[in-house]
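Numbering (our numbering), first residue to last: 240 to 357. Here's the structure, in structure tokens; my notes come after.
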Ligand SMILES: [Ca+2]
Ligand SMILES: [Ca+2]
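Spelled out as structure tokens, the structure:
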């Protein structure tokens with residue numbers, strides 16, 4: 240199961256729960272850099288039993304929620320409504336939001352999103 244293997248990859252200290260540090264190290268291994276503040280927000284957003292960590296259920300919930308939002312973003316970017324977005328469209332849309340990324344980064348995002356959305 241895709242989510243489960245992602246969870247295991249991120250659970251660096253193999254406790255069966257993700258703390259901020261797990262996410263920081265785990266996401267870096269996946270090539271995604273996030274500040275500690277951003278990671279804290281992720282954990283807070285998903286942490287239902289308020290133990291400061293995400294167990295698998297909380298993690299799965301958070302991601303499903305997140306995927307829904309991503310899918311909406313994806314749709315709003317997909318001007319031609321053909322289920323495809325190219326790197327240029329992502330760069331343009333992010334530039335509108337004041338975020339500058341390289342074409343390489345846009346392609347990386349694109350690949351990650353395409354995997355998530357389908
Ligand atoms: Ca852990
Ligand atoms: Ca928790």
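Heads up, the beta-carbon is just placed ideally off N, CA and C, and yes, glycines get one too.
Distance CB(residue i)-CB(residue j) smaller than 8 Å
i, j, result
"residue 270", "residue 249", "no"
"residue 341", "residue 316", "no"
"residue 208", "residue 262", "No answer is possible for residue 208: it lies beyond the span of the chain, which begins at 240 and ends at 357."
"residue 328", "residue 318", "yes"
Exposure label - residue i; buried when at least 16 CB within 10 Å
i, result
"residue 285", "buried"
"residue 325", "exposed"
"residue 304", "exposed"
"residue 257", "buried"
"residue 290", "exposed"
"residue 294", "buried"
"residue 283", "exposed"
"residue 343", "exposed"
Residue i: CB within 7 Å of a non-hydrogen atom of ligand 2
i, result
"residue 287", "yes"
"residue 292", "yes"
"residue 297", "yes"
Alpha carbon of residue i to alpha carbon of residue j, nearest angstrom
i, j, result
"residue 247", "residue 253", "7 Å"
"residue 312", "residue 320", "12 Å"
"residue 337", "residue 330", "10 Å"
"residue 322", "residue 346", "16 Å"
"residue 267", "residue 297", "21 Å"
"residue 274", "residue 244", "23 Å"
(request) Could you name the residues whose beta carbon sits closer than 6 Å to any heavy atom belonging to ligand 1, keeping them in chain order? (result) The set, ordered by position in the chain, is 250, 252, 254, 256, 257, 258 and 261.
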